[in-house]
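Going line by line, the protein sequences match chains A and Z. Just so you know, we're using my numbering here: the first sequence kicks off at 1 and counts up by one. Just so you know, we're using my numbering here: the second sequence kicks off at 279 and counts up by one. First the structure, in the form of structure tokens, and then the observations on it.
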Amino acid sequence: MKKVKKNMPRFLTQLFFFALILMISVNKNLIEMGKAGIAFLSSASLHALCPFGGIVSIYQFATVGTFVQKIHQSSFVLMFIVFLMAVLFGPVFCSWVCPLGTFQEWLGKIGRKIFGKKYNKFIPEKADKYLRYLRYVILLWVLYAIGVSGKLIFQEYDPYFALFNFWTSEVTVTSLFILALTVIASIFVERPWCKYACPYGAVLGLTNLLRVFKIKRENTTCISCDACDRACPMNISVSASGVVKNHQCISCMSCTSDQVCPVANTVEMTTTKGGVTL
Amino acid sequence: MKIKSWAMGIIILVLFFGGIGATSALNLWSTTSTKVPVKFTSGQNAGSYNPADIRGSYTFGEVSSLFNVPLEELGIAFSLNDVEDVALFKNKDLEARYESLKEQGYEVGNGSVKMFVALYSGAPYTLEDDTYLLAPAVDILKAQGTLTEDQLKFLEEHTVEFIEENTKSAITKNIEAPVEPAKEDEKVVKGNTTFQEVLDWGVSKEEIEQALGGKMPNPLTNIRDFCLKEGIEFSSIKNTLQAKIAP
Ligand code: SF4
Ligand code: SF4
């Protein structure tokens, strides 16, 4: 039984996007300060590179035909790309691309060192179950508020924007506070922002109900070792599912036979139907 | 069909950069604003762009073409005579350019562009008290002759003159002054003239009250401030009083 502990391709993809966004953000700030930027890099505003911007813009685009302030056509393009990926593979954006997710994950490694097996298991399951719907509340609030004002008010709260702009004056105290909260919480819980607050994750999470490539567990070969459950950053019990339809799955593939499942061809990302939902 | 991790990574990169590549080939990839302001949806101006939606990232060139304001006029209005390509000048850069004015409380920035464009094109616009225009802009607007009396009065209070002098800048808030600065001892009614000065120049209290159509306040009151407060048109009072001052 071969075991790849680390999901190398995922790690590299995350590293790539994290570095890319960081450099673009630094570049933009350099250029705005009048210094020479990094020539081959885009100096686009982060707003232009945020696919969530596309979502918040739909409403306004549909009604008056313009984008929300600071949102650009590129956000729309990214939104479609991310959405297409999500319909096919689920919220891969969260686990493979989103730099804020990556950031939380890396912080989580510290927590795992400190707390060992206790890590990511601090919140009582019952409360947790309901808390996980909080991000839909936040999503509705964001859409409502933007629909009313036409301004990118989410920026004031967005820890993602704060993370890559904390050295500029464009960042609000609120978003820095939320970022700090996310950092601290990440030591105890894996991806706290994604689980409880991210409105974009909320949108993408819905695709888990209809995605083409599903996370599927083959009941006949499963040896009930629960390795998949322990590996899941979102605390989903894969071992109790035939097909993972949980709205919180982020398609990280940690649970697959490629990664932790010791039995080959047992947990897979696949189009084939089947698997028994227990 | 199954997907393994390596394949997933590659698919993600291909979709992202393929998508970006394809849309930029189709000219759909733009990371800068789309520069389409909202339009008026009702009233006389329905269908035309609303100057209130002009944003700091717009260049003068864009403002000019979106709102049909000749570029030269915009350049003159904002005193960009030393700017090489006015079309590429961004609204938000006005603020830095006229920082010294801002420090004195007279902000000339994107708001001023909105106001100028709105008044120029006769679009409905709520005048903002903290927004100022440079004197040349006001001259252009006046020359158009379409301003209402209220707007004229507002502009009188919201005009700044930007004088660049050995890198230092000075300002006068008064456009009613003659083009050539009046000398101290010249008897000219200006924005900072008080009733006392006019009295000293030999105009009687009765004459002043006749011009005002009412009681004269404390003689040390600034004439223009008084007019503004009372809703009297300063320029006509000024002319009447000026005529009465002995040469
Ligand atoms: S169910 Fe699997 S793919 Fe989904 S989040 Fe959990 S470990 Fe990742
Ligand atoms: S890791 Fe694999 S074998 Fe173990 S419980 Fe999960 S699906 Fe079954």
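Ideal placement from N, C-alpha and C gives every residue a C-beta, glycine not left out.
Cβ-based burial, residue i [other Cβ within 10 Å; buried from 16]
i: Glu-356 of chain Z; result: Per the sequence presented here, residue 356 of chain Z reads as Phe, with Glu not at that position. Buried.
i: Ile-441 of chain Z; result: exposed
i: Thr-404 of chain Z; result: exposed
i: Cys-225 of chain A; result: exposed
i: Asp-158 of chain A; result: buried
i: Asp-258 of chain A; result: buried
i: Ala-396 of chain Z; result: buried
i: Tyr-200 of chain A; result: buried
i: Ser-410 of chain Z; result: Looking at the sequence provided, one finds Tyr at residue 410 of chain Z rather than Ser. Buried, by the Cβ-count rule.
i: Met-393 of chain Z; result: buried
i: Glu-487 of chain Z; result: exposed
i: Ile-184 of chain A; result: exposed
i: Asn-208 of chain A; result: buried
i: Phe-89 of chain A; result: buried
i: Glu-434 of chain Z; result: buried
i: Asn-359 of chain Z; result: exposed
i: Lys-507 of chain Z; result: exposed
i: Met-286 of chain Z; result: buried
i: Ala-202 of chain A; result: buried
i: Val-238 of chain A; result: buried
i: Ile-281 of chain Z; result: buried
i: Pro-192 of chain A; result: buried
i: Met-279 of chain Z; result: exposed
i: Gly-101 of chain A; result: buried
i: Phe-295 of chain Z; result: exposed
i: Lys-195 of chain A; result: buried
i: Asn-235 of chain A; result: buried
i: Gly-387 of chain Z; result: buried
i: Ser-251 of chain A; result: buried
i: Ile-298 of chain Z; result: buried
i: Phe-177 of chain A; result: exposed
i: Val-173 of chain A; result: exposed
i: Val-260 of chain A; result: buried
i: Met-253 of chain A; result: buried
i: Glu-385 of chain Z; result: buried
i: Phe-18 of chain A; result: buried
i: Gly-226 of chain Z; result: There is no way to answer for residue 226 of chain Z, as the model of chain Z reaches only from 279 to 525.
i: Met-1 of chain A; result: In this prediction, Met-1 of chain A has a pLDDT of 43, which is less than 50 and means its spatial position is unreliable; what the coordinates show is noted afterwards. So Met-1 of chain A counts as exposed.
i: Met-8 of chain A; result: exposed
Span of the alpha helix (DSSP H), counted from its first residue to its last, around residue i
i: Lys-117 of chain A; result: That residue, Lys-117 of chain A, is in no alpha helix (DSSP H); it is neither H nor E in DSSP.
i: Ser-320 of chain Z; result: Taken as a continuous stretch (DSSP letters only), Ser-320 of chain Z belongs to no alpha helix (DSSP H), as it is neither H nor E.
i: Gly-339 of chain Z; result: 338-345
i: Val-476 of chain Z; result: 473-478
i: Leu-498 of chain Z; result: From DSSP, Leu-498 of chain Z is part of no alpha helix (DSSP H); its letter is neither H nor E.
i: Glu-485 of chain Z; result: 483-490
i: Gln-520 of chain Z; result: 512-522
i: Cys-228 of chain A; result: 227-231
i: Glu-125 of chain A; result: 125-131
Identified DSSP bridge partners for residue i
i: Thr-270 of chain A; result: A:Lys-214 and Z:Lys-280
i: Val-243 of chain A; result: A:Lys-216
i: Tyr-327 of chain Z; result: Z:Lys-317
Closer than 6 Å: residue i CB and nearest ligand 4 heavy atom
i: Val-244 of chain A; result: Ligands present in the displayed structure are limited to ligand 1 and ligand 2, and ligand 4 is not among them.
**Request:** Go through the stretch 398-438 of chain Z residue by residue and report every complete run of the alpha helix (DSSP H) that reaches 4 residues or more, in order.
**Result:** 413-422 and 427-435
**Message:** Please give me, in chain order, every unbroken run of the alpha helix (DSSP H) with length at least 4 that falls completely inside the stretch 181-212 of chain A.
**Reply:** 192-196 and 199-205
**Item:** Segments of 4+ residues assigned as alpha helix (DSSP H) that fall wholly inside the stretch 353-385 of chain Z
**Value:** 371-375 and 377-381
**Message:** Runs of 4 residues minimum, wholly inside the stretch 66-113 of chain A: which ones carry the alpha helix (DSSP H) assignment?
**Reply:** 73-89
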